[in-house]
Every structure is written in structure tokens, then in C-alpha cells.
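A short worksheet on the structure shown next.
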Amino acid sequence: MSWMDDLYVIYQKLDANSCQEVKKEIIKAQLNGCSDGTIYYLVLQQLVKLKGDKAPVYELIKGEVESIIHAQSAYAY
């Protein structure tokens with residue numbers, strides 16, 4: 002499973018739990034990237050930020066976030 006598949010699951014969970022603002026922020030980060038690596042890091046930054054700012058939302062998507070974090074080896078230079 003790719004990190005983009007995990008991100009899709011995150012979007013579904015956020016939609017199902019009425020977390021559109023959080024989803025909007027992640028999508029904004031995704032659209033600001035100009036390469037796969039940049040997109041990955043911008044999205045990851047938003048996801049990790051949730052841990053401190055919106056812990057209940059983070060707990061909802063924690064498994065997928067951890068999976069995305071482990072995908073970072075594909076982008077390590």
C-alpha cells in the first residue's frame with residue numbers, strides 16, 4: 002500500500018467524522034508540493050501537526066499516519 006492510499010483512507014475517515022477543515026488543510030499542503038517528495042513532506046508535516054493541535058482527530062487517523070511516516074524511506078535522499 003502506498004502512502005497515497007493511506008492518505009485516501011485518512012480523507013475518508015475525516016469526511017465520515019465531519020473534519021472538513023482538517024481535510025482542507027491537508028489537501029492544501031498536498032497541492033502546494035511540486036514533486037512527490039515535497040508533497041509527501043508537506044502532507045506529513047500537516048499530519049504530525051495534528052498530534053499536538055487536534056489530538057482526537059489524530060487518534061482517529063493514527064494508524065494511517067504511522068504508515069505514512071514509515072513510507073519516508075522511499076523519499077530519503
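For the sequence shown, position 64 (counting from the first letter as 1) is numbered 65 according to my numbering, and the numbering increases by one without interruption.
C-beta: ideal position from N, C-alpha, C; glycine also.
- Message: Once the 5 residues before and after LEU43 are set aside, which same chain residues still bring their CB inside 8 Å of it?
- Response: If we look at LEU43 and ignore the five residues flanking it on each side, its Cβ neighbours are ALA30, GLN31, ASN33, GLY34.
- In three-state DSSP terms, what is SER19? Correct three-state label for SER19: coil.
- Task: Quick one: using the 10 Å Cβ neighbour count with 16 as the cut-off for buried, is ILE62 buried or exposed?
- Result: Residue environment analysis places ILE62 among the buried positions, since at least 16 neighbouring C-beta atoms fall within 10 angstroms of its C-beta.
- Query: Based on Cα-Cα distance, which residue from MET5, SER68, ILE28 lies nearest to GLN47?
  - Reply: If we check each option's Cα against that of GLN47, ILE28 comes out closest.
- C-beta neighbour in chain D for VAL66, strict 7 Å: In the structure shown, chain D does not exist; there is a single protein chain.
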